[in-house]
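A.B. asks:
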Amino acid sequence: MAYHPIQSNAVITWDLRCDPTPLLDLDVDELHRLLYSPRETSEERVIGLKLVHLNKCPIVAPAGMLNAEEAQRYGIEGAVCRRHLSILRQAPQIQPKLKALYEINTFVPEKDPDHMLYSGGFFSPHDRHLMDKIRQFSADELIGLQLPFQDPRLEEMLLRYKARNYPYTLDSNEQQRWEEHRSQRLLGPENEGCLTLTQAFDEMNRIATETELSAREMSILEDLASYIESVYPMEF
Numbered sequence: 001m002a003y004h005p006i007q008s009n010a011v012i013t014w015d016l017r018c019d020p021t022p023l024l025d026l027d028v029d030e031l032h033r034l035l036y037s038p039r040e041t042s043e044e045r046v047i048g049l050k051l052v053h054l055n056k057c058p059i060v061a062p063a064g065m066l067n068a069e070e071a072q073r074y075g076i077e078g079a080v081c082r083r084h085l086s087i088l089r090q091a092p093q094i095q096p097k098l099k100a101l102y103e104i105n106t107f108v109p110e111k112d113p114d115h116m117l118y119s120g121g122f123f124s125p126h127d128r129h130l131m132d133k134i135r136q137f138s139a140d141e142l143i144g145l146q147l148p149f150q151d152p153r154l155e156e157m158l159l160r161y162k163a164r165n166y167p168y169t170l171d172s173n174e175q176q177r178w179e180e181h182r183s184q185r186l187l188g189p190e191n192e193g194c195l196t197l198t199q200a201f202d203e204m205n206r207i208a209t210e211t212e213l214s215a216r217e218m219s220i221l222e223d224l225a226s227y228i229e230s231v232y233p234m235e236f
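For the sequence shown, position 187 matches number 187 in UniProt numbering, and the numbering has no gaps at all.
Here you go:
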């Protein structure tokens, strides 16, 4: 439909399964609310706007590659999609509305080093050299290792590398930092969109009580519950 007015690597698209009438009828503020807020009721109108990020290797294929069986599987009706496409093609006035909608500042700067790999720029040759050296070190050589990184992301990333692969190499201060990170990620409330342990258990309980599971499926669910209990953050 259009390129994103701020993010040069993003293309604005529409899910043709969704009725585009709300896009034409609603003002920018209401569209923004529906697009970025959880749906309050199942009757609330669905906004089919999606962003395709060109720098994240999207898989895009022509419509002809979708056979009837796959279309049914994904709930795609060709006649409905063509009707919605016709509505959009006859509504050139939506271009200014899309521009205004996506110019509203909803972007929260990413702070987590793992996620900042997509937003923090490339690493310098100096830092890439140090990263190569880290992979050559034995686990024991990682104990107390300090390197002169230029990029501030890498100090935390080194800690997480050690914690995930060689936890015994962490000193007491690093262990506390790692457990604080795990607590934030697994318990919330500021867990950056990840599923919390409480939410995971609630979902498993829902599946166990509302779904008819085979013995094998129930065993898998029980194993998953045991694993989740095993990764519960430690208290310092």
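Glycine included, each C-beta is placed from N, C-alpha and C at the ideal position.
Could you check what DSSP says for residue 248 in three-state terms: helix, strand or coil?
C.D. replies: What is shown of the chain runs 1 to 236, which leaves residue 248 out entirely.
A.B. asks: Check Leu-51 in the structure and name its three-state DSSP category.
C.D. replies: Here Leu-51 sits in strand by DSSP.
A.B. asks: On the DSSP letters alone, give me the boundaries of the beta strand (DSSP E) that Ala-10 sits inside.
C.D. replies: 10-14
A.B. asks: By the three-class DSSP mapping on this structure, what secondary structure does Gln-150 have?
C.D. replies: coil
A.B. asks: Looking only at C-alpha atoms, which of Leu-224, Asp-140, Lys-111, Tyr-102 sits nearest to Glu-30?
C.D. replies: Tyr-102
A.B. asks: Got a sec? Which residues, its chain only, sit under 8 Å from Ser-42 by beta carbon, not counting five neighbours each side?
C.D. replies: Residue placement at Ser-42 cannot be trusted, given a pLDDT of 49 that sits under 50; what the coordinates show is reported in the next sentence. None.
A.B. asks: For Gln-114, which three-state DSSP category applies?
C.D. replies: The sequence given here places Asp at residue 114; Gln does not occur at that position. Coil at Asp-114, not helix or strand.
A.B. asks: Identify, in the order they occur along the chain, each residue of the same chain with its Cβ nearer than 7 Å to the Cβ of Lys-97, setting aside the five sequence neighbours on each side.
C.D. replies: Val-28
A.B. asks: Could you tell me the distance, in whole angstroms, from the CA atom of Ala-61 to the CA atom of Ala-91?
C.D. replies: 25 Å
A.B. asks: Can you tell me whether DSSP reads Cys-81 as helix, strand or coil?
C.D. replies: Correct three-state label for Cys-81: helix.
A.B. asks: From Leu-88 to Cys-18, what does the alpha carbon distance come to, in whole angstroms?
C.D. replies: 11 Å
A.B. asks: Nearest-angstrom Cα distance between Arg-177 and Leu-142?
C.D. replies: If you take the alpha carbons of Arg-177 and Leu-142, they lie about 17 Å apart.
A.B. asks: Pick helix, strand or coil for Phe-201, following the three-state DSSP scheme.
C.D. replies: In the structure shown, Phe-201 adopts helical secondary structure according to DSSP, grouped into three states.
A.B. asks: Tell me where the alpha helix (DSSP H) around Leu-221 begins and ends.
C.D. replies: 215-230
A.B. asks: Distance check for Asn-205 and Pro-125, CA to CA, integer angstroms please.
C.D. replies: Their Cα atoms are separated by approximately 49 Å.
A.B. asks: My guess is that Gly-144 and Asp-171 are in contact by the Cβ rule of under 8 Å, so how many angstroms apart are they, rounded?
C.D. replies: 7 Å
A.B. asks: Is the number of C-beta pairs between the segment 45-54 and the segment 8-17 that are closer than 8 Å three or more?
C.D. replies: yes
A.B. asks: Shortest alpha-carbon distance to Thr-21 belongs to which of Glu-210, Arg-83, Ser-138?
C.D. replies: Arg-83
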